[in-house]
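Asks: I'd like to ask you about the structure that follows.
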Amino acid sequence: AGDGDCGHTHARAARAIQEWMRAQPLPPSPAHLFSALADLLLDKMGGSSGVLYGLFLTAAAHPLHNRSDLPVWADAVDAGIEAMQRYGGAAPGDRTMVSDPVLGDRASGEGPQCSAPICVSQLDALCAAAQALSALRSPGANLLTVLASAVQSAEAAAESTRHMEAGAGRASYISSAQLLQPDPGAVAVAAVLRAVLEGLQG
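Here it is, written out as structure tokens:
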């Protein structure tokens, strides 16, 4: 859907993260890690996805500064999603791109004249995962069990975008009959979450 550059953008981000991890020790805390990743993706990923991931990680880092309990991870994801919705002006189910000068400003540092369209398809998978991750707030919650459920929810949400008609943005220029693939931004989010799960499982 759209202009077809989502895979290249995410591959560029993955290479940047790998190079960054080889070049220096990881930050000492989750909050510092998220903040560092936000800066890296804003600088290296490019495109609207780099802005969105930067927004998400920057906001998600805040709840992690003074807490290390399981519920804080649900709070962090919620904070990240709220930031994406606040600055992007979109909601789950949009499968769209929205123009927002604030996001363009944050991406380029060049002021409000930059109004690049911002992809928000990631919200479909992220919000599905967030609903599952809310179980971390329950006493006795098991991180891996809850995260596995969140991954499944994100993957199902990504698959559901296959049948979703875009309301705006580049994908909206394509006939719904031709939108035969799930939204790549949502698929990418689900893939990232699965990688986190598999990394924790060892």
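Residue numbers are given in UniProt numbering: position 128 of the sequence shown equals residue 128, and the series is strictly consecutive. We put the beta carbon where it would ideally sit given N, CA and C, even for glycine.
Return the CA-CA distance between Arg137 and His10, expressed in angstroms with no decimal places.
Replies: Using only the alpha carbons, I get a separation of about 31 Å.
Asks: On a Cα-Cα basis, can you pick out the residue from Pro25, Leu42, Pro28 that is closest to Ala14?
Replies: That would be Leu42, whose Cα lies nearest to the Cα of Ala14.
Asks: Select from Leu40, Val72, Gly47, Arg67 the residue whose C-alpha is nearest the C-alpha of Ile17.
Replies: Leu40
Asks: Apart from the five residues just before and just after Phe56, which ones in its own chain have a Cβ nearer than 6 Å to its Cβ?
Replies: Gly80, Met84
Asks: Put Arg12 into one of helix, strand or coil per three-state DSSP.
Replies: helix
Asks: Among Val151, Ala31, Thr161, whose alpha-carbon lies nearest the alpha-carbon of Glu198?
Replies: Val151
Asks: Evaluate Thr145 with the Cβ neighbour count: other Cβ atoms within 10 Å of its Cβ, from every protein chain shown; 16 or more gives buried, anything less gives exposed.
Replies: With a 10 Å radius around the Cβ and a threshold of 16 neighbouring Cβ atoms, Thr145 comes out exposed.
Asks: Quick one: residues in its chain with C-beta nearer than 6 Å to the C-beta of Ala135, no 5 flanking neighbours on either side, listed in chain order?
Replies: Ala141, Val146
Asks: Within 10 angstroms of the Cβ of Leu200, are there 16 or more other Cβ atoms? Answer buried if so, exposed if not.
Replies: Within a 10 Å sphere around the beta-carbon of Leu200 sit fewer than 16 other beta-carbons, which makes this residue exposed.
Asks: Helix, strand or coil for Leu70, going by three-state DSSP, please let me know.
Replies: coil
Asks: Using CA coordinates, which residue listed in Ser49, Ala61, Trp20 is at the minimum distance from His32?
Replies: Ala61
Asks: Compare the Cα-Cα distances from Asp5 to each of Val189, Pro184, Leu193, Ala190 and report the closest residue.
Replies: That would be Pro184, whose Cα lies nearest to the Cα of Asp5.
Asks: Among the residues of its own chain, which have a CB less than 8 Å from the CB of Pro182, if the five just before and after it don't count?
Replies: Ala158, Glu159, Ser160, Thr161, Arg162
Asks: Going by beta carbon distance, what residues of the same chain come within less than 6 Å of Ala132, once the five residues before and after it are set aside?
Replies: Ser149, Ala150, Ser153
Asks: Below 7 Å between beta carbons: does that hold for Ala59 and Asp124?
Replies: no
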